[in-house]
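Chemist:
As structure tokens, then:
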């Protein structure tokens, strides 16, 4: 694999240098990263450098066409499955002059170890009393039960743990006008509250990827994508929520997904049960800011070509479950003017959480669900945190 990857890198480097010298068109993959193991829904993204018009970019996985994109950004999400193996990715850009430009990328596989390695589990804990957050608690005020068994708290932090956030912003056609402006303003409010060690990734989506940034704390990079997108298309919440959770797998810090949407899923390839599967295996918090339609039923009742009334109700219930089970919460708002406060409140809450770390002493890696219960000393105190995890 290393030799093959090296050949691809050398070939790509040589081709890029030649193209730059000759003024020719070139293309290269932006994601996934070279040599990285991939599984499940994966964002395939390329950049095409050319002075000609690009008619279409077709993506291939192991020689099989998986989709075509006809406008920027040249990106799509494809479920590559869960087989642990290398894959060859190819993108062919067709130019107006008839030329075809090819980008190649070779992914890796995950190293499998037969030994059981117990992972440090971190719990992000919000403590409330009569609607107010409770500060100044100590390690000894908390008790963790994992599967009903007490665990030793080995790390204890409060307040300044860096935040690593994925902001998923619904930019479907229903967001035109005041809603879109308010959503972009709300996102800026969240980003303006970031501390020096925080980082965020913006993902603007509808039924397709409209714009994204790398993980960064640079306000200019984050701000540019907010200014470059216009609302269009339908809504694919499930696909992008799954992708947002997956993006956080390899990140450090207080991992959180903030989803904003004004509607329900209409176009995802994945179901919300797929998202729940991923969320149960993640350590990320999920927050959902939901802008209700005036006069709409709660929960919303509607049928689509993909799902009937009951199917869409189940998707809505499961999204609530994803959020509450992760330790996050749902912020339902009635108008776009409430968006800035909703985003600000989430960041303020993250800043005041307690972070408890422990090594599960009874983990056996059998794939079962293990309930987690955090208790705190004091009358009338309410705790919100993750409800459990899959013992993989």
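Numbering (the working numbering), first residue to last: 4 to 395.
Heads up, the beta-carbon is just placed ideally off N, CA and C, and yes, glycines get one too.
Which partner residues of residue 81 appear in the DSSP bridge assignment?
Modeler: On the chain shown, position 78 is the one that residue 81 refers to. Its beta-bridge partners are 45.
Chemist: With a threshold of 16 other CB atoms inside 10 Å of the CB of residue 297, please say whether the residue is buried or exposed.
Modeler: Walking along the chain shown from the start, residue 297 turns up at place 294. With fewer than 16 other Cβ atoms within 10 Å, it is exposed.
Chemist: Going by DSSP, name the residue or residues bridged to residue 340.
Modeler: Taking the chain shown and counting its residues from 1, the one referred to as residue 340 is at position 337. None; residue 340 has no bridge partner.
Chemist: Per DSSP, what kind of secondary structure is residue 125 in: helix, strand or coil?
Modeler: The residue given as residue 125 occupies position 122 in the chain shown. DSSP places residue 125 in strand when its eight states are reduced to three.
Chemist: Under a Cβ-count criterion, where at least 16 other Cβ atoms within 10 Å of its own Cβ denotes burial, should residue 312 be classed as buried or exposed?
Modeler: Residue 312 sits at position 309 when you count from the first residue of the chain shown. So residue 312 ends up on the exposed side.
Chemist: Could you give the first and the last residue of the continuous beta strand (DSSP E) run that contains residue 215?
Modeler: To locate residue 215, count along the chain shown from 1; it is residue 212. Residue 215 -> beta strand (DSSP E) spans 212 to 215.
Chemist: Please determine if the stretch 257 to 265 and the stretch 286 to 294 are in contact, where contact requires at least 3 C-beta pairs separated by less than 8 Å.
Modeler: Taking 8 Å as the limit for Cβ pairs, the verdict is that the stretch 286 to 294 does touch the stretch 257 to 265.
Chemist: Do residue 395 and residue 284 have their C-beta atoms within less than 9 Å of each other?
Modeler: Residue 395 sits at position 392 when you count from the first residue of the chain shown. Residue 284 sits at position 281 when you count from the first residue of the chain shown. Contact: yes.
Chemist: When the distance is taken between beta carbons, is residue 38 closer than 9 Å to residue 109?
Modeler: By 1-based counting over the chain shown, the position of residue 109 is 106. By 1-based counting over the chain shown, the position of residue 38 is 35. A contact, by the Cβ cut-off of 9 Å.
Chemist: Considering Cα atoms alone, identify which of 104, 153 and 65 is closest to residue 361.
Modeler: Within the chain shown, the letter at position 358 stands for residue 361. The shortest Cα separation from residue 361 among 104, 153 and 65 belongs to 153.
Chemist: I need the DSSP call for residue 261, collapsed to helix, strand or coil.
Modeler: Walking along the chain shown from the start, residue 261 turns up at place 258. If DSSP states are grouped into helix, strand and coil, residue 261 belongs with the strands.
Chemist: Within 10 Å of its beta-carbon, does residue 214 have 16 or more other beta-carbons around it, so buried, or fewer, so exposed?
Modeler: Working through the chain shown from its first residue, we reach residue 214 at position 211. Result: buried.
Chemist: Please state whether the Cβ-Cβ distance between residue 201 and residue 381 is less than 9 Å.
Modeler: For the purposes of this step, residue 201 is identified with residue 198 of the chain shown, where counting begins at 1. For the purposes of this step, residue 381 is identified with residue 378 of the chain shown, where counting begins at 1. Not closer than 9 Å, so no.
Chemist: Which residues bound the alpha helix (DSSP H) around residue 183?
Modeler: Position 180 of the chain shown, counted from the start, is the residue given in the question as residue 183. First-last of the alpha helix (DSSP H) with residue 183: 181 to 195.
Chemist: Could you have a look at residue 297 and say whether DSSP puts it in helix, strand or coil?
Modeler: For the purposes of this step, residue 297 is taken as the residue at position 294 of the chain shown. Residue state, collapsed to three classes: coil.
Chemist: Does the stretch 59 to 74 come into contact with the stretch 128 to 147, if we say contact requires no fewer than three beta-carbon pairs (one atom in each stretch) closer than 8 Å?
Modeler: The stretch 59 to 74 is not in contact with the stretch 128 to 147.
Chemist: Once the 5 residues before and after residue 34 are set aside, which same chain residues still bring their CB inside 6 Å of it?
Modeler: Position 31 of the chain shown holds residue 34. Excluding sequence neighbours, residue 34 sits near 46 and 48.
Chemist: For the alpha helix (DSSP H) containing residue 327, name the first residue and the last one.
Modeler: Here residue 327 corresponds to residue number 324 of the chain shown, with the count starting at 1. Start and end: 312 to 329.
Chemist: Measure the beta-carbon distance from residue 392 to residue 130 and round it to whole angstroms, keeping in mind my assumption that it falls under 8 Å.
Modeler: Numbered from 1 along the chain shown, position 389 holds the residue referred to as residue 392. Numbered from 1 along the chain shown, position 127 holds the residue referred to as residue 130. In fact, because the Cβ distance is near 21 Å, the residues do not count as touching under 8 Å.
Chemist: Tell me whether residue 294 is buried or exposed, calling it buried when 16 or more other Cβ atoms sit within 10 Å of its Cβ.
Modeler: On the chain shown, residue 294 is found 291 positions in, with the first residue counted as 1. Classification for residue 294: buried.
Chemist: Under three-state DSSP, which class holds residue 393?
Modeler: The residue labelled residue 393 in the question sits at position 390 within the chain shown. Residue 393: strand per DSSP, three-state reduction.
Chemist: Taking the alpha-carbon of residue 237 as reference, which of 266, 375, 314 and 217 has the nearest alpha-carbon?
Modeler: Along the chain shown, read from residue 1 onward, the residue named residue 237 stands at position 234. Cα-wise, what sits closest to residue 237 is 266.
Chemist: Any idea if residue 242 is buried or exposed, counting beta-carbon neighbours within 10 angstroms, 16 or more meaning buried?
Modeler: Locating residue 242 in the chain shown gives position 239, where the first residue counts as 1. It is buried - the Cβ of residue 242 has at least 16 other Cβ atoms within 10 Å.
Chemist: Among 124, 198 and 163, which one has its Cα closest to the Cα of residue 138?
Modeler: As a first step, residue 138 is located in the chain shown; it is residue number 135 there, counting from the start. For the residues 124, 198 and 163, the minimum Cα distance to residue 138 belongs to 163.
Chemist: Taking the alpha-carbon positions, what's the residue 359 to residue 245 distance?
Modeler: Within the chain shown, residue 359 is the residue found at index 356, counting from 1. Within the chain shown, residue 245 is the residue found at index 242, counting from 1. Cα to Cα, the separation comes out at about 25 Å.
Chemist: Which of the three DSSP states, helix, strand or coil, is assigned to residue 75?
Modeler: Locating residue 75 in the chain shown gives position 72, counting from the first residue. Residue state, collapsed to three classes: coil.
Chemist: Do residue 234 and residue 209 come within 9 Å of each other at the CB atom, strictly closer than that value?
Modeler: Within the chain shown, numbered from 1, the residue matching residue 209 stands at position 206. Within the chain shown, numbered from 1, the residue matching residue 234 stands at position 231. It is a contact, given that the beta carbons lie within the stated cut-off.
Chemist: Taking contact to mean 3 or more Cβ pairs, one atom from each stretch, closer than 8 Å, check whether the stretch 343 to 354 and the stretch 92 to 106 are in contact.
Modeler: Touching, no, given that fewer than three Cβ pairs across the two stretches are closer than 8 Å.
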